[in-house]
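Numbering (this note's numbering), first residue to last: 391 to 522.
Right, here's the structure in full:
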């Protein structure tokens, strides 16, 4: 496992965690994630030593830590800009719901990024570093 690669790619999740609080509207968020997933998948295909699916899955699990933390900490700002998400958290404490659903969403998107990474590993050629 290349934990350095996993952490480095998860920085996109950290950036998106803060960007989705007030900058990126909910309707445009999937387009940003699609670009990030495709980029991460090809980086994993090129740089990971193997276990491409697992690398992609773990990137998303680290992303869910960033996102859940930022959205929970800035809950008021986040829900004022994402009323549909605020409506989802009725009936129980909203931050508790984020702690429950964050890892579930992380795992679901981890499966998607893992599949993207696996497919990218079949498409992309590994580049070898040679001393010339």
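Even glycine gets a Cβ: it sits at the ideal position worked out from N, Cα and C.
In this text the structure is predicted, and so the values were computed from the model without any measurement.
Among 467, 498, 400, 510, nearest to residue 414 - alpha-carbon criterion
Mapped onto the chain shown, residue 414 falls at position 24. Out of 467, 498, 400, 510, 467 has the C-alpha closest to the C-alpha of residue 414.
How about residue 454 and residue 429: do their beta carbons lie closer than 8 Å?
The residue labelled residue 454 in the question sits at position 64 within the chain shown. The residue labelled residue 429 in the question sits at position 39 within the chain shown. No, the pair does not count as a contact, with Cβ atoms beyond the cut-off.
Starting from the Cα of residue 437, find the closest Cα among 488, 462, 391, 412 and give me that residue.
Here the question's residue 437 lines up with position 47 in the chain shown. Minimum Cα distance to residue 437 is reached at 391.
Inspect the beta-carbon positions of residue 443 and residue 504 and report whether they are closer than 8 Å.
Within the chain shown, numbered from 1, the residue matching residue 443 stands at position 53. Within the chain shown, numbered from 1, the residue matching residue 504 stands at position 114. Yes.
Starting from the Cα of residue 399, find the closest Cα among 410, 482, 473, 446 and give me that residue.
Along the chain shown, one-based indexing puts residue 399 at 9. For residue 399, the nearest C-alpha among the options comes from 446.
Rounded straight-line distance, which links the Cα of residue 431 to that of residue 405
Taking the chain shown and counting its residues from 1, the one referred to as residue 405 is at position 15. Taking the chain shown and counting its residues from 1, the one referred to as residue 431 is at position 41. In a straight line, the C-alpha of residue 405 is about 17 Å away from that of residue 431.
By alpha-carbon positions, which one of 417, 407, 401 ends up nearest to residue 474?
As a working note, residue 474 is residue 84 in the chain shown. Here the closest residue by C-alpha is 417.
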